[in-house]
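Enquirer: Let me begin by handing over the structure; questions about it come next.
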Amino acid sequence: MHLQVLDRNENSFSLDKTLIFIKYILINNYKLDFFLNDTYKLDYKFVPKELHGVINFKQIIIDDDHAIINNSIFTLKKNMVVLLKLKIDVSKKIVQLFPVEIKYNHNKKNEHTLIGELMMENKIKITDPLSIIGENSEYFNTNETFENVSTPTLYPLMNFIIFIWGFDNQFWGENKICDLGISKWYKKLISFKSKVTIHGILLNIPDSFILEYFESDSFDMNQESFSESTKKFLEDINKSINKNSEFFSAGFAPKFTWSTPTDAIWINPNRNICCKTLEDLLILLKASTKVSEDIDRAKERKISNVLLLREYIPSLNEMFEFRVFIGGVGPYSEYKILGISQRHTSCYYKDLHENSQLRAKIKSSIMDFFLYSKKELMLEIFDIFKTACIALDIYISNHKDKSSILIIDIQPLLYSSTLLFNIFELKLHLLKEGTELDSDLLRIVDNNSPNNMIDNSCIKGFVPEELLSVSNSDFYINEVVDKLEWMDYK
91 MHLQVLDRNE NSFSLDKTLI FIKYILINNY KLDFFLNDTY KLDYKFVPKE
141 LHGVINFKQI IIDDDHAIIN NSIFTLKKNM VVLLKLKIDV SKKIVQLFPV
191 EIKYNHNKKN EHTLIGELMM ENKIKITDPL SIIGENSEYF NTNETFENVS
241 TPTLYPLMNF IIFIWGFDNQ FWGENKICDL GISKWYKKLI SFKSKVTIHG
291 ILLNIPDSFI LEYFESDSFD MNQESFSEST KKFLEDINKS INKNSEFFSA
341 GFAPKFTWST PTDAIWINPN RNICCKTLED LLILLKASTK VSEDIDRAKE
391 RKISNVLLLR EYIPSLNEMF EFRVFIGGVG PYSEYKILGI SQRHTSCYYK
441 DLHENSQLRA KIKSSIMDFF LYSKKELMLE IFDIFKTACI ALDIYISNHK
491 DKSSILIIDI QPLLYSSTLL FNIFELKLHL LKEGTELDSD LLRIVDNNSP
541 NNMIDNSCIK GFVPEELLSV SNSDFYINEV VDKLEWMDYK
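For what it's worth, my numbering labels the leading residue of the sequence shown as 91, then goes sequentially.
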């Protein structure tokens, strides 16, 4: 059997046919066969005839050596292919994968011999598919072949559907996305006829400053060693801070080309993002990995970096920060809200969880803001990004006033975390008719959620990343947390 390796950009399903597949799979039980390693195949003969023409029966490259299913990783030799039988149980909403055969090429060629034929040739009794590996140690090294030999169970059903679904260019619009950072969308927001974002100043960063400060090995801010363009840039920052002292009375919060340097607040004496001087700003930016990644990303896209200094709001209540996912078929077409997620997913807010009326008001305010009162603005934002789906971080300063929503950040969905949703759910909501929000489309962390359990993410930003990577031990991490609490007390 010859295995065909396709282009990485080939997709399993197109956007316009996906809904047909979703409806069918939810009302039928059927089996599929597929290969799992650096190639992945849906076998045509196991697909119901009703889906012929809907599913692309070809192979999809997942990655070079691994395929991930529900956090279980199978590591395979390059000359190995595992054939798995898939059974969908709609009533229990699970998907089971049963190892059936292992196709092995001992000559390391493209033609693979069925393991069953090897058994026959060597007169080996077949007990179960996995035992074949152990009984044929001359062919298979179990340590190299599988890291986890248990039969995986995928739960819920949607996690599997997205696994075989693929991400099509029509949904992402990856080839057309205009990824220019904050400069264009912030200018659009700040110039809008009503207040829709936090006041700030936008500065263009000269290449000389990137080279002379960020790419140097020290935190030395001796301006004598800087070029004239860098000195002028630093002077412009100082002038802007002084000129906007009314807005910056409590300090200012910086944002680089794409990212806010929240990973470096450990270096700030007040342990938050607030800066009050040029020196505070430069130290925070230099210590941030996010800023370094922004610089690399800008180089790759051949665009200039920018710096946004926004008014710092000490009274900002993180409980009222949300990420809103909005999608449409294309620019200047009808769009809808795909989901609303609590922004800080490691936090549990009792008032938000227990007050259904508060949640209803929040959902109503968000719907009114994006679908009605600011529709003109949203169409312009879609036109800026040239993509069908975007994610907006917002802050509701007064949930009783529908005009009090402020947009904090905007990203194409392709470059954004989906937080309490998965990408399949957002895409399914895009395909549904109508613009009304389902009851579960405003998602928050409940008190039993594993999202709000203490883990590494709780102290990210409060200590250098190197400290977090020293050990993955829970005991070690807890010790670090205890010491940090003691340091705070001191």
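Glycine is no exception: its CB is placed at the ideal position from the N, C-alpha and C atoms.
(1) Going by DSSP, name the residue or residues bridged to G417.
(2) With 16 other CB atoms within 10 Å as the buried threshold, where does A450 fall?
(3) Let me know the secondary structure DSSP gives D499 once reduced to three states.
(4) Tell me which residue opens and which closes the alpha helix (DSSP H) that F323 is part of.
(5) Do M271 and T347 have their C-beta atoms closer together than 8 Å?
(6) In the DSSP assignment, find the unbroken alpha helix (DSSP H) run with A388 in it and report its ends.
(7) Between K366 and the rest of its own chain, which residues show a CB-CB distance below 6 Å, the 5 nearest in sequence each way excluded?
(8) Short check: CB of L292 to CB of S273, under 8 Å?
(9) Once the 5 residues before and after I495 are set aside, which same chain residues still bring their CB inside 6 Å of it?
(10) Buried or exposed, going by whether 16 or more other CB atoms sit within 10 Å of the CB of C268?
(11) To the nearest angstrom, report how far apart K285 and F316 are at their CA atoms.
(12) DSSP three-state call for L368: helix, strand or coil?
(13) What is the rounded straight-line gap between the Cα of S349 and the Cα of E369?
(14) Here's a check: name, in chain order, each residue in its chain whose Cβ is nearer than 7 Å to the Cβ of K199, leaving out the five neighbours to either side.
(15) Could you tell me the alpha carbon to alpha carbon distance between N360 and L406, rounded to whole angstroms?
(16) Going straight from the alpha carbon of T320 to that of D530, what length do you get?
(17) Measuring only the C-alpha atoms, how far is H434 from L482?
(18) Give the secondary structure of F412 by DSSP, where H, G and I count as helix, E and B as strand, and everything else as coil.
(19) Where does L374 land, buried or exposed, given buried means 16+ other C-beta within 10 angstroms?
(20) What three-state label does DSSP hand N226 in the structure shown?
(21) Check L509 in the structure and name its three-state DSSP category.
(22) On a Cα-Cα basis, can you pick out the residue from E305, I513 and E470 that is closest to T379?
(23) Would you decide whether A388 is buried or exposed? Buried here means 16 or more other CB atoms lie within 10 Å of its CB.
(24) Alpha carbon to alpha carbon, how far is Y462 from F282? Give it in angstroms, no decimals.
(25) Does the region 393-404 come into contact with the region 321-340, if we say contact requires no fewer than three beta-carbon pairs (one atom in each stretch) closer than 8 Å?
(26) Identify which residue in C364, T287, I357 and R391 has its Cα closest to the Cα of A377.
(27) Note down the Cα distance separating I474 from I416, rounded to an integer number of angstroms.
(28) Following the continuous alpha helix (DSSP H) through R449, name the residue where it begins and the one where it ends.
(29) Which word fits N395, buried or exposed, when buried means at least 16 other C-beta atoms lie within 10 angstroms of its C-beta?
(30) Measure how close the beta-carbons of K277 and I471 come, nearest whole angstrom, since I'm counting them as under 8 Å.
(31) Going by CA-CA distance only, name the one from L428, K453, L301 and R391 that's closest to N512.
(32) Buried or exposed: which applies to D386, given that a residue is buried once 16 or more other Cβ atoms fall within 10 Å of its Cβ?
(33) Span of the alpha helix (DSSP H) holding R272?
(34) Verify whether the separation of the beta carbon atoms of E408 and C437 is less than 8 Å.
(35) For P351 and P344, what's the separation of their Cα atoms in angstroms?
(36) Quick one: grab the DSSP three-state call for Y485.
Expert: In brief:
(1) G417 is bridged to K426 and C479.
(2) Flag for A450 reads exposed.
(3) In the displayed model, D499 falls within a strand according to three-state DSSP.
(4) First-last of the alpha helix (DSSP H) with F323: E318 to K333.
(5) Just to set this straight, residue 271 is Gly in the shown sequence, not Met. Judged by their CB atoms, G271 and T347 are nearer to each other than the 8 Å cut-off.
(6) Looking at the DSSP string, the run of the alpha helix (DSSP H) that includes A388 is T379 to R391.
(7) The residues G341, in chain order, have a CB closer than 6 Å to that of K366 in the same chain once the five nearest residues on each side in sequence are set aside.
(8) In terms of Cβ geometry, L292 and S273 form a close pair [threshold 8 Å].
(9) Here the set comprises F459, I484 and I486.
(10) Label assigned to C268: exposed.
(11) Those two C-alpha atoms are separated by around 38 Å.
(12) Per DSSP, reduced to three states, the secondary structure at L368 is helical.
(13) The alpha-carbon atoms of S349 and E369 are separated by roughly 19 Å.
(14) The predicted model places K199 with a pLDDT of 45, which falls under 50 and marks its position as unreliable; any figure quoted below should be read in that light. There are no such residues.
(15) Their backbone Cα atoms lie some 16 Å apart in a straight line.
(16) So the alpha carbons of these two residues sit roughly 50 Å apart.
(17) Straight-line Cα distance between these residues: approximately 14 Å.
(18) Strand at F412.
(19) Counting of Cβ neighbours within 10 angstroms places L374 among the buried residues, the total reaching 16 or more.
(20) Residue placement at N226 is poorly supported in this model, since its pLDDT is 44, which falls under 50; the coordinates still yield a value, given next. In the structure shown, N226 sits in coil (DSSP, three-state: anything other than H, G, I, E or B).
(21) Coil at L509, not helix or strand.
(22) When the alpha-carbon of T379 is set against those of E305, I513 and E470, the nearest one is in E305.
(23) Counting the other Cβ atoms within 10 Å of the Cβ of A388 gives 16 or more, which makes it buried.
(24) Using only the alpha carbons, I get a separation of about 15 Å.
(25) Yes, since at least three Cβ pairs between the region 393-404 and the region 321-340 fall closer than 8 Å, the two stretches touch.
(26) Closest option to A377, Cα to Cα, is I357.
(27) So the two alpha carbons sit approximately 14 Å from each other.
(28) R449: member of the alpha helix (DSSP H) spanning S446 to D458, first to last residue.
(29) Around the C-beta of N395, 16 or more other C-beta atoms lie within 10 Å, and the residue is accordingly described as buried.
(30) That belief does not hold up - the Cβ atoms of K277 and I471 are roughly 12 Å apart, past 8 Å.
(31) When each option's Cα is compared against that of N512, the closest is L428.
(32) Exposed, by the Cβ-count rule.
(33) Per the sequence shown, the amino acid found at residue 272 is Ile instead of Arg. Note, I272: alpha helix (DSSP H), I272 to I280.
(34) Yes, these two residues count as a Cβ contact at 8 Å.
(35) Roughly 7 Å separates the two Cα atoms.
(36) The answer is strand: DSSP assigns Y485 an E or B state.
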